[in-house]
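Okay, structure first, notes after.
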Amino acid sequence: MADLPTHTIVFEILTRLPAKDVGRSKSVCKQWYALLSTQDFVKIHCSRSVVSSNQRVLLIDDLTCSVRPIISNNNDYGPSSTVTFPFHHQNNDVSILSHLNGLLCVCLNHTYELLLWNPTTTAFKRLSTPDSHEFYINNLDAIGLYVDADDDYKVLHIKRRSGVLGVYVYSREVDSWRNIPFITRQEYLSPHFNWSAGTFCGGTLYFTVCECWIGGTNVVICFDVNSEQFKEISFPPVPSNGMVQGVLVNVKNVLHMFASTGMFEMTIDLWTLQGDYWIKVLSCPPIPPISLSLWCDITHYVTNGNWFVMTKLGKLFTIEMDMKPFECFYPVSWFRGFKGAVFVQTIVSPSI
Numbered sequence: 011m012a013d014l015p016t017h018t019i020v021f022e023i024l025t026r027l028p029a030k031d032v033g034r035s036k037s038v039c040k041q042w043y044a045l046l047s048t049q050d051f052v053k054i055h056c057s058r059s060v061v062s063s064n065q066r067v068l069l070i071d072d073l074t075c076s077v078r079p080i081i082s083n084n085n086d087y088g089p090s091s092t093v094t095f096p097f098h099h100q101n102n103d104v105s106i107l108s109h110l111n112g113l114l115c116v117c118l119n120h121t122y123e124l125l126l127w128n129p130t131t132t133a134f135k136r137l138s139t140p141d142s143h144e145f146y147i148n149n150l151d152a153i154g155l156y157v158d159a160d161d162d163y164k165v166l167h168i169k170r171r172s173g174v175l176g177v178y179v180y181s182r183e184v185d186s187w188r189n190i191p192f193i194t195r196q197e198y199l200s201p202h203f204n205w206s207a208g209t210f211c212g213g214t215l216y217f218t219v220c221e222c223w224i225g226g227t228n229v230v231i232c233f234d235v236n237s238e239q240f241k242e243i244s245f246p247p248v249p250s251n252g253m254v255q256g257v258l259v260n261v262k263n264v265l266h267m268f269a270s271t272g273m274f275e276m277t278i279d280l281w282t283l284q285g286d287y288w289i290k291v292l293s294c295p296p297i298p299p300i301s302l303s304l305w306c307d308i309t310h311y312v313t314n315g316n317w318f319v320m321t322k323l324g325k326l327f328t329i330e331m332d333m334k335p336f337e338c339f340y341p342v343s344w345f346r347g348f349k350g351a352v353f354v355q356t357i358v359s360p361s362i
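Per this note's numbering: the sequence shown = residues 11 to 362.
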């Protein structure tokens, strides 16, 4: 350590600080401000921030927006702290569409505008402009956040309008939108199909596309973020005699799916994607009957040998498991209802 240059030692120490401490450290001196603002620092700090202690749950209801830690010893939500939105809104009409590396892509429901927002630093960026018409319509559109090979943060916006599909990519680097081609089956353009938010894993964005009735078609659409090509793969072979919900999650750069099926009682299977095929990891016992509102609000955490089925109200069900890849929390990318997200506290900026 004595042979290392002083600036290298400082760099190594600062990249391990919590995000809010990095923000405060910028005021120490001009040299630190310049160092902590470089993209290299932000990238390395972000990579070292993906640990369970930096995970937070953000929940929005009609009156408040709050952030809560996840308590590791009982694996439930901790005390909440109120968050003030840094942008204008009406009655908390903010929907969380996707998140990645501490950035949330949100929609203002009264204007349909899209924004990138870092709730840790409070910085935000409006993505919708009158000339680009990049506005989001719930139940028709889908959003995915990703980072390409050039470390440019991008937003994929899939729009369905009267049987016509448009696909647009926003680049943080150039601060603009562009249209890209997407050829898919005509039936997926129907509002009878529900598109999930995109889950970024291994250079690909994945979307579940599920028909909105019992026994309907369910598929996964994949978007290679570097070639910008789409393809379709099959859904895990789950029973179709009830409601089906596929929740995708990136676990150490391997895609997994929590596939829920049922009507009153619910069964959940955990699957992992190998190539283009799904391999079942384990099944849980049937979960006792729950209300439809909770059924549609389920998300998942896995940590320390336990799999927790959660809602905005807290822990719903616990499944014991013993799998080393799941030693810390790995949240899904969205809550049903778009009113919650699990994010990592980082200093990643929504703009350059």
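Cβ atoms here follow ideal geometry from the backbone N, Cα and C, with glycine treated the same way.
Being a predicted model, the structure only gives us computed values, none of them experimental.
Measure how close the beta-carbons of residue i and residue j come, nearest whole angstrom, since I'm counting them as under 8 Å.
i	j	result
residue 166	residue 146	So it is not a contact: roughly 12 Å between Cβ atoms.
residue 170	residue 199	5 Å
residue 192	residue 240	5 Å
residue 54	residue 25	5 Å
residue 364	residue 78	The structure shown does not extend to residue 364, since the chain is modelled only from 11 through 362, so no value can be given for it.
residue 37	residue 27	With a Cβ gap of about 14 Å, residue 37 and residue 27 do not count as contacting.
Just verifying my parser: in three-state terms, what is the DSSP assignment at residue i?
i	result
residue 56	helix
residue 336	Residue confidence is low: residue 336 scores 47 on pLDDT, short of 50, so the model does not pin down where it sits. No coordinate-derived value is stated.
residue 100	coil
residue 94	coil
residue 24	helix
residue 36	coil
residue 215	strand
residue 63	helix
residue 18	helix
residue 279	strand
residue 265	strand
residue 192	coil
residue 258	strand
residue 73	coil
residue 329	strand
From the DSSP secondary-structure annotation, give me the bridge partner or partners of residue i.
i	result
residue 204	220
residue 241	232
residue 351	68
residue 29	For residue 29, which the question treats as bridged, DSSP gives no partner whatsoever.
residue 80	87
residue 272	253, 276
residue 288	283
Looking only at its chain, what residues have a beta carbon closer than 6 Å to the beta carbon of residue i, apart from the 5 residues adjacent to it on each side?
i	result
residue 225	250
residue 29	130, 355, 356, 357
residue 349	70
residue 204	220, 222
residue 255	270
residue 234	214
residue 177	168, 190, 192
Given residue i, which residues of its chain have a CB within under 7 Å of its CB, disregarding the five upstream and five downstream residues?
i	result
residue 365	Because the chain is modelled from 11 through 362, residue 365 falls outside the range shown and cannot be assessed.
residue 32	24, 46, 55, 357
residue 138	123, 124, 144, 145
In its own chain, which residues sit with a C-beta less than 8 Å from the C-beta of residue i, not counting the 5 before and 5 after it?
i	result
residue 96	127, 132, 133, 134
residue 104	70, 75, 95, 116, 117, 118, 119
(message) Just to confirm the assignment: which complete beta strand (DSSP E) runs, minimum length 3, are found wholly within the region 110-187?
(response) 113-118, 123-127, 134-136, 152-157, 163-171, 174-181
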